[in-house]
Amino acid sequence: MTNTDEKYMREAVRQAKKAYAIGEVPIGCVIVYRDKIIGRGYNRRTIDKNTLAHAELIAIKKAGRKMNDWRLEECTMYVTLEPCQMCAGAIVQSRIPKVVVGCMNPKAGCAGSILNLLQMKEFNHQAELVTGVLESECSQMMKDFFKELRENKKN
């Protein structure tokens, strides 16, 4: 883990807090190209009523527009929670070479927890994976969100 990884993960955490503020699962993502953020996203599934409105997919879409290309070959993705199978597939498809993850997702993660779609040799692209960057902060945000959700359902 580098200071750069922490710097950009903090921005992903800021994105996750935007999701938290609107009642969404707090997942945030940024994509960096040559030390500049070119894509930001946060979870919006419930608000947008769209299965595809994951933080990673929103950030990939914005980064692709900025790069004027679907290939994000020189980029690094920073995401607060381990990507699901859909997002991991999109990362492979967009050729992102490095993914930095805050906390793992043992129930649905596909960057090492259940599967590791990012590093399957059978695919034509694999991504370097760094995990545990600001892990306690990312994990605590998820725990707090779901605790509040359970408490609100009781009331």
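Read in order, the letters of the sequence shown are residues -17 to 137 in this note's numbering.
Glycine is no exception: its CB is placed at the ideal position from the N, C-alpha and C atoms.
Item, Value
"Quick check on this structure: which residue in Glu119, Phe127, Ile96, Arg16 has the alpha carbon closest to the alpha carbon of Met59?", "Arg16"
"What is the DSSP secondary structure of Cys57, counted as helix, strand or coil?", "strand"
"Check each candidate in Arg(-4), Leu111, Gly21, Lys89 and name the one with the smallest Cα separation from Ile9.", "Arg(-4)"
"Decide if the stretch 108 to 120 is in contact with the stretch 71 to 84; the criterion is three or more beta carbon pairs, one per stretch, under 8 Å apart.", "yes"
"Does the beta-carbon distance from Ala37 to Gly23 come in below 8 Å?", "yes"
"How is Gly46 classed by DSSP in three states: helix, strand or coil?", "helix"
"Return the residue from the list Asn(-15), Gly5, Met(-9), Thr(-14) that minimises the CA-CA distance to Leu131.", "Gly5"
"Would you tell me roughly how many angstroms separate the C-alpha atoms of Asn137 and Phe128, rounded to the nearest one?", "14 Å"
"Please determine, among Val12, Arg(-8), Glu104, the residue with the shortest C-alpha to C-alpha distance to Pro65.", "Val12"
"Does the CB of Tyr2 have a neighbour CB from chain D at under 8 Å?", "Judged by its chain identifiers, the structure shown contains no chain D, having just a single protein chain."
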